[in-house]
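Report on the structure given below.
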Amino acid sequence: METFKNWKKKPGKPLDVQLDELADMLAFGLSIANQQEVTNEKLEYGLSTLRKDGYLYNESQSVWDFMSDVSNVGLEPLSAVIIPLDIAYNLYSIDQLIDAYKKKMKRNHKRQDGTADAGKGYV
Numbered sequence: 002m003e004t005f006k007n008w009k010k011k012p013g014k015p016l017d018v019q020l021d022e023l024a025d026m027l028a029f030g031l032s033i034a035n036q037q038e039v040t041n042e043k044l045e046y047g048l049s050t051l052r053k054d055g056y057l058y059n060e061s062q063s064v065w066d067f068m069s070d071v072s073n074v075g076l077e078p079l080s081a082v083i084i085p086l087d088i089a090y091n092l093y094s095i096d097q098l099i100d101a102y103k104k105k106m107k108r109n110h111k112r113q114d115g116t117a118d119a120g121k122g123y124v
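At the far end of the sequence shown sits residue 124, using the working numbering, and the numbering has no gaps.
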């Protein structure tokens, strides 16, 4: 999914990069939900709303609408978790997102303990 830079000769990003970026969104969303103490009940409700909805996530107007909403209204902590899951459900699969998330967390933990990307300012 790449909704900008449509002027590039080869638009788009490889699938693994797309999923890595979506895993970032999920990680930030989970962090926000945890800090705001979103309950299991709210998460279960949010998960129950996932469905193939035909929303055009990969169009520039969709991104513009989303960012306008966030800018004008804000982002509820529950939405910060549900949005990346909804994108995965509609454009990829939840399993692909979970795999990308696990891979990202493994790399992040290695960065935190100094066994990966040494000298890049992570520790």
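For glycine and all other residues, C-beta sits at the position ideal for the given N, C-alpha and C.
Bear in mind the structure is a predicted one, so any value in this text is a computation, not a measurement.
- The C-beta distance from residue 100 to residue 51 rounds to 18 Å, too long to fall under 8 Å, and the pair is not in contact.
- Here DSSP, grouped into helix, strand and coil, assigns residue 20 to helix.
- Counting along the chain, the unbroken alpha helix (DSSP H) around residue 42 starts and ends at 41-49.
- Here the alpha carbons of residue 41 and residue 49 stand approximately 12 Å from one another.
- Secondary structure note for residue 78: its alpha helix (DSSP H) is the uninterrupted segment 78-92.
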